[in-house]
Amino acid sequence: MNAISIRQLEVFVGIATLGTVRACAANIHLSQPAASMALAELEKQLDCPLFERTPGRMQLTSRGKQLLPHAREILERLREMQSQQEERELRGEIRIGASNTVGNYLIGDLVGQFVRQHPRVSLHVSVDNTANIINQLLEHSCDIACVEGPVNHPQLETWIWREDALVVCAAPDHPLATKTTLEKQDFAGMSWIMRERGSASRALTEQALNVLPGGHVLMELGQVEAIKQAVIAGLGLACLPQAATLDAVANQRLRILDTPFLDLKRRLSLVLHKERYRSQVLSAFADHLHSPESGSSPAEN
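Structure (structure tokens):
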């Protein structure tokens, strides 16, 4: 077998990351025919297809998924060697998967100090629900994740980043918002606005509401902001991340209900794939998040 070239690995990783030969070629400043040829040569040398060709996008085969982390590791090690020769300043890129609460409301807390300390590091953040972010991590589409709720998977390593909580919210003129003291039976028959299934917030909300009298789910929405606006409009109650309510509460457009009988505490977890090569950049970021200043706790598993 002929030696596999760095260019072939760059094309393979580029297509796996961006989804098309065209996008990969543009990203690494190569013509599309040259990128296609490099991939064809790599597949020929490995004697197996690495992608399933579908209209508009190329999907990794099972063999391609196995080889992707190894190809990324080779390229990352090479970049580290080159950067060590060129300069001492930390540089590179990290792909972060963040659940909606973290990505929309806590991203500054997650990456702000690291960005200030290492301005040459490029961070790419994708925001989705917890289930989808974990799938991205398992498929090596992101390097590290910060999600809501517990994560239990034999291929993943998790540790606690910080404690968090949901709060029950209502419009200021909602009947429950005008009561001084609330009891469980006050929630009988209430309309609720929920996150989509697969969201950790949805799972915690359902678990907490099991102790209340029956109500009904009026609607499901995929974004916290959309739920907040629906509550402000008086359509129903919702459990929202406390960080998402601060502006609306301050402007008296939203009311947080006192519900000591509900357990809405949760933990935000940082997650890494155990087989993921810890490049110098990724290790520095993980170490930063492990530090006491970041608020993280020892590993859960």
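To convert, count from 1 in the sequence shown and add 21; that's our numbering. Cβ atoms here follow ideal geometry from the backbone N, Cα and C, with glycine treated the same way. Given the structure is predicted, the values throughout are model-derived calculations rather than measurements.
Identify which residue in the options has its Cα closest to the Cα of residue i.
i           : options            : result
residue 267 : 156, 195, 189, 90  : 189
residue 222 : 110, 117, 121, 38  : 121
residue 191 : 229, 307, 252, 141 : 252
residue 194 : 254, 70, 152       : 254
residue 248 : 235, 275, 46, 229  : 275
residue 76  : 43, 133, 24        : 43
residue 111 : 142, 236, 162, 31  : 142
residue 124 : 24, 139, 291, 308  : 291
Closer than 6 angstroms by C-beta to residue i: which residues in its own chain qualify, once you throw out the five before and the five after it? Chain order, please.
i           : result
residue 240 : 214
residue 5   : Given that the chain is displayed from residue 22 to residue 322, the structure contains no residue 5 and the question cannot be resolved.
Buried or exposed: which applies to residue i, given that a residue is buried once 16 or more other Cβ atoms fall within 10 Å of its Cβ?
i           : result
residue 284 : exposed
residue 232 : exposed
residue 85  : buried
residue 118 : buried
residue 208 : buried
residue 99  : exposed
residue 136 : exposed
residue 287 : buried
residue 262 : buried
residue 27  : exposed
Within the continuous alpha helix (DSSP H) that includes residue i, where are the two ends?
i           : result
residue 295 : No alpha helix (DSSP H) holds residue 295; DSSP gives it neither H nor E.
residue 238 : Unbroken run through residue 238 is the beta strand (DSSP E), 237 to 242; no alpha helix (DSSP H).
residue 44  : 42 to 48
residue 223 : 221 to 230
Note down, in chain order, each residue of its chain lying with its Cβ closer than 7 angstroms to the Cβ of residue i, except the 5 sequence neighbours on either side.
i           : result
residue 29  : 59, 62, 63
residue 269 : 249, 253, 275
residue 48  : 35, 39
Excluding the five sequence neighbours on either side, which residues of its own chain have a C-beta within less than 8 angstroms of the C-beta of residue i, listed in chain order?
i           : result
residue 320 : Low confidence applies here, because residue 320 scores a pLDDT of 46, under 50, leaving its location unreliable and the question unanswered by this model.
residue 278 : 188, 189, 190, 191, 197, 198, 203, 258
residue 34  : 89, 92, 93, 96
Measuring straight from C-alpha to C-alpha, what distance separates residue i and residue j?
i           : j           : result
residue 303 : residue 102 : 15 angstroms
residue 90  : residue 74  : 20 angstroms
residue 158 : residue 210 : 40 angstroms
residue 113 : residue 170 : 29 angstroms
residue 38  : residue 282 : 46 angstroms
residue 234 : residue 175 : 37 angstroms
residue 65  : residue 88  : 15 angstroms
residue 311 : residue 131 : 11 angstroms
residue 7   : residue 72  : In this structure the chain extends from 22 to 322, so residue 7 is not present and cannot be described.
residue 219 : residue 164 : 21 angstroms
residue 260 : residue 226 : 6 angstroms
residue 322 : residue 293 : With a pLDDT of only 48 at residue 322, under the threshold of 50, the placement of this residue in the model should not be trusted, and no figure is reported.
Quick one: give me the first and last residue of the beta strand (DSSP E) that residue i is part of.
i           : result
residue 143 : 142 to 149
So, is the C-beta of residue i closer than 8 angstroms to a C-beta in chain C?
i          : result
residue 41 : Among the protein chains of the structure shown there is no chain C, as only one such chain exists.
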